[in-house]
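Participant: Here you go, one structure.
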Amino acid sequence: MARPSLAEKDILNPSEAIEYFVLSRRKFYDLLNNTDGEDFLAYYGERKLILRVAFERYLRNHPELRRRVLWQRQEEDRQGGTPNAEY
Numbered sequence: 001m002a003r004p005s006l007a008e009k010d011i012l013n014p015s016e017a018i019e020y021f022v023l024s025r026r027k028f029y030d031l032l033n034n035t036d037g038e039d040f041l042a043y044y045g046e047r048k049l050i051l052r053v054a055f056e057r058y059l060r061n062h063p064e065l066r067r068r069v070l071w072q073r074q075e076e077d078r079q080g081g082t083p084n085a086e087y
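Sequential numbering of the sequence shown, starting at 1, is according to full-length UniProt numbering.
Set out below in structure tokens:
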């Protein structure tokens with residue numbers, strides 16, 4: 001039996017969330033260490049687990065967690081070519 005893809009999973013561990021959402025590892029772990037139990041966190045003992053759908057909503061309001069590479073890719077898609085080189 002094949003493992004489900006990250007898009008099919010409802011609950012992700014931190015490493016899976018970083019991979020799936022293309023996040024900055026440092027910023028994501030800072031968020032986990034400094035959060036007071038946002039709507040997207042679930043606990044299994046001491047482990048912090050991420051509720052995928054709730055975290056997607058959180059990211060819409062906090063895009064600064066995403067890596068610049070993804071932002072550039074989205075800009076390319078929106079503009080239909082290469083993004084502006086001026087940053």
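Heads up, the beta-carbon is just placed ideally off N, CA and C, and yes, glycines get one too. From a predicted model like this one, the values you see are computed outputs, not experimental measurements.
List the whole-angstrom C-beta distance separating Ala17 from Asp39, where the pair is believed to meet the contact cut-off of C-beta under 8 Å.
Facilitator: About 14 Å; that fails the 8 Å criterion.
Participant: Let's test the definition: count the other Cβ atoms within 10 Å of the Cβ of Arg52 and tell me whether it reaches 16, buried, or not, exposed.
Facilitator: Label assigned to Arg52: buried.
Participant: If you draw a straight line from the C-alpha of Ser24 to the C-alpha of Ala2, how long is it?
Facilitator: Using only the alpha carbons, I get a separation of about 28 Å.
Participant: Over the uninterrupted alpha helix (DSSP H) stretch that includes Ala17, give me the two end residues.
Facilitator: Start and end: Pro14 to Phe21.
Participant: In the structure shown, what three-state DSSP assignment does Leu65 receive?
Facilitator: Residue state, collapsed to three classes: helix.
Participant: Return the residue from the list Gly45, Glu46 and Leu41 that minimises the CA-CA distance to Glu56.
Facilitator: Residue Leu41 is the option with its Cα nearest to Glu56.
Participant: Start and end of the beta strand (DSSP E) containing Lys48?
Facilitator: Where Lys48 is concerned, the enclosing beta strand (DSSP E) stretches over Arg47 to Leu51.
Participant: Using the C-alpha atoms, what's the distance from Glu46 back to Phe21?
Facilitator: Going from the Cα of Phe21 to the Cα of Glu46 covers about 23 Å.
Participant: Name the residue from Leu6, Tyr43 and Pro14 whose alpha carbon lies nearest to the alpha carbon of Tyr29.
Facilitator: Of Leu6, Tyr43 and Pro14, the residue nearest in Cα terms is Pro14.
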